[in-house]
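See structure below.
Residue numbers (our numbering): 133 to 765.
This is the structure we're talking about:
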């Protein structure tokens, strides 16, 4: 009976529509007396109300409460019949709630209404088009388990509108949404042949194939997509970088990429993709080689190689970084690029511990390029070497004072911190504190920023060294009362706890002496004092801090095996420490960077990733593990 009434209603509606079309009855907007056409303000108000309703419905759906979402979506349809979210959302909720008969009736009702609205032109991609609603009808049949009926509805709908790009794309999206992967893939490939569009829906197909874990085919589709626009390679690489960090997956992707560049050796975008994926997997030699090729093919002038070399230097991959900088200089690039490459080579020498050669490189740069703005950076690097390695405090201070007055490229705050460091090295604490306060003042009236907090921490430490406890507390309170995200915040909390250990004065004094020795780069002495403090304290947060500081001091002193031994002790004694992950990560880093035991470090990092999945060092550890995996293999 209900179906009969619906059929009669539908026939009556169609009849009225035909008569209206024949007599061309004008459609008028009804207004209340004294009211004209709705103004912009009323339209905006209506749109705002619709947005609020839609947001309420979305929130209910996100909580899985489709029964609550359904009447809200119905309200939206009542207010705004052709709202893009209304009709499809009502149908979706009904399908989830298994209200299949109601869903079919609802969709048929609105398909009929759509056919009546002759003044509303819509594309197949419009969610409120008759085509989209017919596809939803097929989805109802699919939900019932009647696949043949679903396909019958879909094929009929597609035949009615024609196999346009939009129509096929809309149906494919529905197929993929319902996990009909093979059907969606077949439809895309059939339409490619029919329309002679070899890249049609390449990105969508790649995403589908990725969901099916078909990494080889997904990579091939991403390469097809990369050729569709000048920036296509970037999005393709972004998708590739989201593939699982698994050696078997990486091998499959790398094999496809190598085949691609062999076919198109002059394609710079392909080489960029190869470079980006090699960097992701930790194959850093190939990363640099592919970047050099891409840069030369695209006439980049060395910009891409410079970025890669600087990235490699930041990752402590000095040999590859050095090769990158040298490549740039052989190309004789623009003056600014050449200057950055020369400074990069100087930093490589620093990382290799070749301080005299690095200093000489910076001095040569200053002589050869006296007008370059990078001269100030070169002077800063020389001053750093004079202070931290030559122990030439007076020479370093002279350069820092000069840079403080007229430095252009280097950070003024960093120069200010070093001015204070030099004064503290000389034992002139008042002058040191004054210089550090100059850095704090750079933040103006705002709370101390990152570098301002570093300056305050130095002020606190200097006052601890000279037993000015109250002044130390003042500086520490300024940090702990500010932004807890600052890197100095946790250290400030620890130094505050150190000052409060009144009953263990000798332990506190030993730690303070170790802290001062570490500041002056007297690392062997610092290690002895930290060991004394840890032994006296025995347990607790300060004991852990002292033991960890001992390991760092030993590493800085070049006693790498001893540093690992101390970290072993830390890991054994302090199994509940919040710094347990930090100690394990540092131990692995010392193994690879200082002891050159890549296999041992890799084993420790793999264990770390399993034991500490929420560590703040997780991404760093994962990245290092990738690099070591590539290196060991």
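Even for Gly, the Cβ is constructed at its ideal location relative to N, Cα and C.
C-alpha distance - residue i paired with residue j, whole-angstrom precision
i, j, result
"residue 234", "residue 226", "7 Å"
"residue 155", "residue 247", "Legend: pLDDT at residue 155 = 33, less than 50; position of this residue unreliable, no value from coordinates given."
"residue 508", "residue 433", "25 Å"
"residue 365", "residue 402", "7 Å"
"residue 750", "residue 710", "14 Å"
"residue 633", "residue 733", "37 Å"
"residue 495", "residue 611", "38 Å"
"residue 465", "residue 396", "26 Å"
"residue 165", "residue 211", "Its pLDDT being 39, under 50, residue 165 is placed unreliably by the model, and the measurement read from it follows with that caveat. Their backbone Cα atoms lie some 22 Å apart in a straight line."
"residue 207", "residue 185", "8 Å"
"residue 457", "residue 561", "41 Å"
"residue 763", "residue 315", "42 Å"
"residue 666", "residue 598", "21 Å"
"residue 483", "residue 404", "28 Å"
"residue 551", "residue 414", "39 Å"
"residue 620", "residue 693", "29 Å"
"residue 454", "residue 609", "44 Å"
"residue 555", "residue 444", "34 Å"
For residue i, the three-state DSSP class (helix, strand or coil)
i, result
"residue 706", "coil"
"residue 154", "Model confidence at residue 154 stands at a pLDDT of 34, short of 50, so the residue's coordinates are unreliable; what they give is reported in the following sentence. DSSP places residue 154 in helix when its eight states are reduced to three."
"residue 643", "helix"
"residue 258", "coil"
"residue 207", "helix"
"residue 521", "coil"
"residue 746", "coil"
"residue 425", "helix"
"residue 296", "coil"
"residue 619", "coil"
"residue 377", "coil"
"residue 452", "helix"
"residue 308", "helix"
"residue 464", "coil"
"residue 729", "coil"
"residue 236", "helix"
"residue 504", "coil"
"residue 249", "coil"
"residue 574", "coil"
"residue 290", "helix"
"residue 201", "helix"
"residue 384", "helix"
"residue 76", "Any answer about residue 76 is impossible in this case: the structure gives the chain only from 133 up to 765."
"residue 681", "helix"
"residue 431", "coil"
"residue 361", "coil"
"residue 458", "helix"
"residue 264", "helix"
"residue 284", "helix"
N- and C-terminal bounds of the alpha helix (DSSP H) containing residue i
i, result
"residue 542", "Taken as a continuous stretch (DSSP letters only), residue 542 belongs to no alpha helix (DSSP H), as it is neither H nor E."
"residue 347", "347–358"
"residue 403", "400–413"
"residue 218", "218–228"
"residue 333", "That residue, residue 333, is in no alpha helix (DSSP H); it is neither H nor E in DSSP."
"residue 214", "Premise fails: residue 214 is in no alpha helix (DSSP H) and is neither H nor E."
"residue 608", "601–612"
"residue 584", "582–597"
"residue 486", "Per DSSP, residue 486 belongs to no alpha helix (DSSP H) and is neither H nor E."
"residue 658", "655–669"
"residue 322", "313–327"
Integer Cβ distance of residue i from residue j, believed to fall under 8 Å
i, j, result
"residue 591", "residue 565", "5 Å"
"residue 406", "residue 422", "4 Å"
"residue 219", "residue 265", "7 Å"
"residue 372", "residue 351", "7 Å"
"residue 268", "residue 239", "6 Å"
"residue 118", "residue 645", "Only positions 133 to 765 of the chain appear in this structure, which leaves residue 118 out of reach."
"residue 475", "residue 510", "6 Å"
"residue 623", "residue 589", "6 Å"
"residue 718", "residue 699", "6 Å"
"residue 638", "residue 668", "6 Å"
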